[in-house]
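**Student:** For reference, the structure I am asking about is given below.
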Amino acid sequence: MERIVTVVPEDGLHARPASKFVETANSFDSDIQLGRADDGDLVPAASMLAVTGLGVTADEDVRLVAEGDDAEAALDALEDILSTPESEL
1 MERIVTVVPE
11 DGLHARPASK
21 FVETANSFDS
31 DIQLGRADDG
41 DLVPAASMLA
51 VTGLGVTADE
61 DVRLVAEGDD
71 AEAALDALED
81 ILSTPESEL
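Using full-length UniProt numbering, you'd call the opening residue of the sequence shown number 1 and step up by one each time.
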């Protein structure tokens, strides 16, 4: 299953938002990947280096892909992080 989400945190996906994103991704059993919505390349959502290496900025669309028993819950939780301003994380 997959979902397209617009990144809201003003600094994009690095530092605090990325840390929260990776920590949350690691709390699920599903295989979760992340990439730019306009690019076919995906990286493991459980890797801080891979997530920050994407260089995703605020207002950019990303694609979340999850496979596993808790895939929908994982996508819901990760979408919540991506769509919440950094000051509220």
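Ideal Cβ placement from N, Cα and C applies to all residues, glycine included.
Source: prediction; values computed, not measured.
Rounded to whole angstroms, what's the CA-CA distance from T6 to G12? Just pull it up for me.
**Tutor:** 10 Å
**Student:** Whole angstroms are fine: how far does the CA of A73 sit from the CA of M1?
**Tutor:** So the two alpha carbons sit approximately 11 Å from each other.
**Student:** For T6, which beta-bridge partners are listed by DSSP?
**Tutor:** D61
**Student:** Is it buried or exposed for G55, if we count other Cβ within 10 angstroms and need 16 for buried?
**Tutor:** So G55 counts as exposed.
**Student:** In whole angstroms, give me the CA-to-CA distance for F28 and V22.
**Tutor:** The alpha-carbon atoms of F28 and V22 are separated by roughly 10 Å.
**Student:** Output needed for K20: all residues of its chain with C-beta closer than 6 Å, excluding positions within five of it in sequence on either side, in chain order.
**Tutor:** I81, L89
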